[in-house]
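Visitor:
Residue numbers (the working numbering): 121 to 634.
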């Protein structure tokens, strides 16, 4: 029998060439890896819709099972290549065998890719035989639904969600209106229109994106400036919890704090790796002495053995007491999901099962209100939005991210996390200052531009003057009122053009049989 063309081999029809099951998975994995290449540190945002367009083309007109496989493999290629640095935390610091660590990364990528497998499988099933415009809408709607599900279900893990690739580029203009997942929807429409050759829709989208560059972009106004010192101690992760190095590390930290020149000093997450209550009085007094010169936000753990310890920022030297506790905890690193105690305990991660913080109020200081975000809390705009509204003392003028990415090495992860901060700045038009252990310690303005950054894995203090902002973006208004539900509704509306006709055909067919 004659082997079919490439399109025949991937169309899921009855005839399948000898290469159909080997070539198709390889291409799906490569396309997923190209999708990863659209995120920082690469500036190639345009790769994101192109890679997704390949996936839509591969899934259009094929059997649902085949489309689901393509979606799963695309997701694995994307997420395994984008989250590979988790291997470092498990192998280098958790001391798991190399094979086990690699399999764990692959297992996570496989689990997360199930969202995209379901989305592509349902798109192929429901859009079969539909007009091109309806197929475009179906694929875009189900991609959006898959991204929203990954961001929300099982506490959510939206790391490198597709919209973040557009923190730079023309779609960034939409951020203060529709946020990262609205941008996800627009990019999915572009990809589907390109893949299915709906040139009229593609042209209309390109024109609309061009016109979006003319939309108003300034929804906030300045509230004055604040000089901030961002400390980057660059303490290797394998030394942070070493008792023999504790005094040396604390000396290094206090030396950096003493060298700071800003009005306020901000240290990274867990820069003090033991609960503050466990620190001896001499060390505490040394920190208080420094705080008399300029107030200090210190990354540490607060709480007790009965109620648990909270990953926190402790305010020292401010008028009145202030502390901030992390609420959106990281699975496996900060809380242990049911059934996985054996896995986490095998890595012997310190402070691996933490309590959640009880408040998220801003810190009023020197005419500004600083809203802390600890580590990956800044991935969840829906958790942050209350601080981006003009509601008295709760309104933030500056976002403060403190992180410790030393668990994951210097490559890729630091740039990805900085890109998420850029998107949050665009959505809410608030500046963000970042104090990290090994990088990326940086200043991001309210337009999402990186104004200053310390080199990775280099100890130092980044001195910046940040301009606070007050005001409310359109995205902040509707997100605070309805959460992500309008985007879920948008996904459902995109499916109606294929679901309603299919339902009518089934109803009419049942009527004729009767």
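The beta carbon of each residue, even a glycine, is placed where N, CA and C say it ideally should be.
(1) Rounded to a whole number of angstroms, what is the C-alpha to C-alpha distance between residue 380 and residue 201?
(2) If you follow the beta strand (DSSP E) that residue 431 is in, where does it begin and where does it stop?
(3) Keeping to the same chain, check which residues put their C-beta closer than 7 Å to that of residue 620; ignore five residues upstream and five downstream.
(4) Could you compute how far the alpha carbon of residue 624 sits from the alpha carbon of residue 193?
(5) Do residue 528 and residue 208 have their beta-carbon atoms positioned less than 8 Å apart in this structure?
(6) What residue range does the alpha helix (DSSP H) around residue 403 cover?
(7) Compute the distance between the beta-carbons of residue 369 and residue 577, then report whether it is under 8 Å.
(8) Within the continuous alpha helix (DSSP H) that includes residue 366, where are the two ends?
(9) By the three-class DSSP mapping on this structure, what secondary structure does residue 494 have?
(10) Skipping 5 residues on each side, what residues in its chain have a beta carbon closer than 8 Å to that of residue 387?
(11) Does residue 215 come out as helix, strand or coil in the three-state DSSP assignment?
(12) In terms of residue numbering, what span does the alpha helix (DSSP H) encompassing residue 196 cover?
(13) Would you call the stretch 216-233 in contact with the stretch 559-575, where contact means no fewer than 3 C-beta pairs closer than 8 Å?
(14) Can you give me the C-alpha to C-alpha distance between residue 170 and residue 283, rounded to a whole angstrom?
(15) Which class does residue 617 belong to by DSSP, given the choice of helix, strand or coil?
(16) So who's on the other strand from residue 443, going by DSSP bridges?
(17) Tell me whether the beta-carbon of residue 288 lies closer than 8 Å to the beta-carbon of residue 205.
(18) Looking at the unbroken beta strand (DSSP E) that takes in residue 554, where does it start and where does it end?
(19) Does the contact criterion of 3 or more C-beta pairs under 8 Å hold for the stretch 213-222 versus the stretch 578-588?
(20) Can you look up residue 340 in the DSSP assignment and give me helix, strand or coil?
(21) Bridge partners for residue 416 per DSSP, in chain order?
(22) How about residue 618 and residue 246: do their beta carbons lie closer than 8 Å?
(23) Just checking, does the stretch 333-348 make contact with the stretch 477-495 on the three C-beta pairs under 8 Å criterion?
(24) How should residue 424 be labelled, buried or exposed, when 16 other C-beta atoms within 10 angstroms of its C-beta is the threshold for buried?
(25) Taking residue 595 as the reference, which of 439, 519, 293 has the closest Cα?
(26) Assign residue 239 to one of two classes, buried (16 or more other C-beta atoms within 10 Å of its C-beta) or exposed (fewer than that).
(27) What's the gap between the Cα of residue 512 and the Cα of residue 502?
(28) Would you mind listing the beta strand (DSSP E) stretches within the stretch 571-607 that are 3+ residues and don't spill past its ends, in chain order?
(29) Measuring CA to CA, which of 232, 314, 299 is closest to residue 266?
(30) Would residue 241 and residue 188 be called neighbours here (beta carbons separated by less than 8 Å)?
(31) So, do the stretch 304-315 and the stretch 166-186 have three or more beta carbon pairs nearer to each other than 8 Å?
(32) Ignoring anything shorter than 4 residues, give me the alpha helix (DSSP H) runs that lie fully in the stretch 242-272, in order along the chain.
(33) Leaving aside the five residues before and after residue 259 along the sequence, list all residues of the same chain whose C-beta is less than 6 Å from its C-beta, in chain order.
(34) If we ignore side chains and look at the alpha-carbon of each, how far apart do residue 647 and residue 613 end up?
(35) Do residue 562 and residue 572 come within 8 Å of each other at the CB atom, strictly closer than that value?
(36) Assign residue 478 to buried or exposed, taking buried as 16 or more other Cβ atoms, counted over all protein chains shown, within 10 Å of its Cβ.
Guide: So, to answer that:
(1) Each residue's Cα considered, the two are about 38 Å apart.
(2) In the DSSP assignment, residue 431 falls within the unbroken beta strand (DSSP E) covering 428-436.
(3) Same-chain partners within the cutoff: there are none.
(4) One C-alpha to the other measures close to 34 Å.
(5) Cβ atoms of residue 208 and residue 528: closer than 8 Å.
(6) It spans 401-413 - the alpha helix (DSSP H) in which residue 403 sits, taken as one unbroken run.
(7) With respect to the 8 Å criterion, residue 369 and residue 577 are not classified as neighbours on the basis of their beta carbons.
(8) 366-379 is the span of the alpha helix (DSSP H), which, as asked, contains residue 366.
(9) Strand.
(10) Taking C-beta separations shorter than 8 Å and ignoring five residues to either side along the sequence, the partners of residue 387 in its chain run 351, 353, 373, 377, 416, 417, 418, 419, 522, 555, following chain order.
(11) In the three-state reduction of the DSSP assignment, residue 215 falls in the coil class.
(12) Unbroken alpha helix (DSSP H) run through residue 196: 184-202.
(13) Flag = no, the stretch 216-233 and the stretch 559-575 do not touch.
(14) Looking at the two C-alpha atoms, the distance is approximately 13 Å.
(15) Residue state, collapsed to three classes: helix.
(16) Per DSSP, 434.
(17) Cβ atoms of residue 288 and residue 205: not closer than 8 Å.
(18) Unbroken beta strand (DSSP E) run through residue 554: 552-556.
(19) Segments in contact, no.
(20) DSSP places residue 340 in the strand class (E or B) of the three-state scheme.
(21) For residue 416, which the question treats as bridged, DSSP gives the partners 385, 436.
(22) In this structure, residue 618 sits near residue 246, with a CB-CB distance shorter than 8 Å.
(23) The stretch 333-348 vs the stretch 477-495: in contact.
(24) Exposed, by the Cβ-count rule.
(25) Of the candidates 439, 519, 293, the one whose C-alpha sits nearest the C-alpha of residue 595 is 293.
(26) If you draw a 10 Å sphere on the C-beta of residue 239, you find 16 or more other C-beta atoms in it, and that means buried.
(27) Rounded to the nearest angstrom, the two C-alpha atoms are 19 Å apart.
(28) The stretch 571-607 contains these whole beta strand (DSSP E) runs: 580-591.
(29) Nearest to residue 266 by alpha-carbon distance, out of 232, 314, 299, is 232.
(30) Judged by their CB atoms, residue 241 and residue 188 are nearer to each other than the 8 Å cut-off.
(31) In short, these stretches touch, since the Cβ pair count reaches three.
(32) If we require 4 residues or more, the alpha helix (DSSP H) runs fully inside the stretch 242-272 come out as 252-272.
(33) Within the same chain, residue 259 has close Cβ partners 176, 243, 312.
(34) For residue 647 there is no data in the structure shown, the boundaries of the chain being 121 and 634.
(35) Result yes, Cβ atoms of residue 572 and residue 562 sit closer than 8 Å.
(36) Counting Cβ neighbours within 10 Å, residue 478 comes out exposed, since fewer than 16 surround it.
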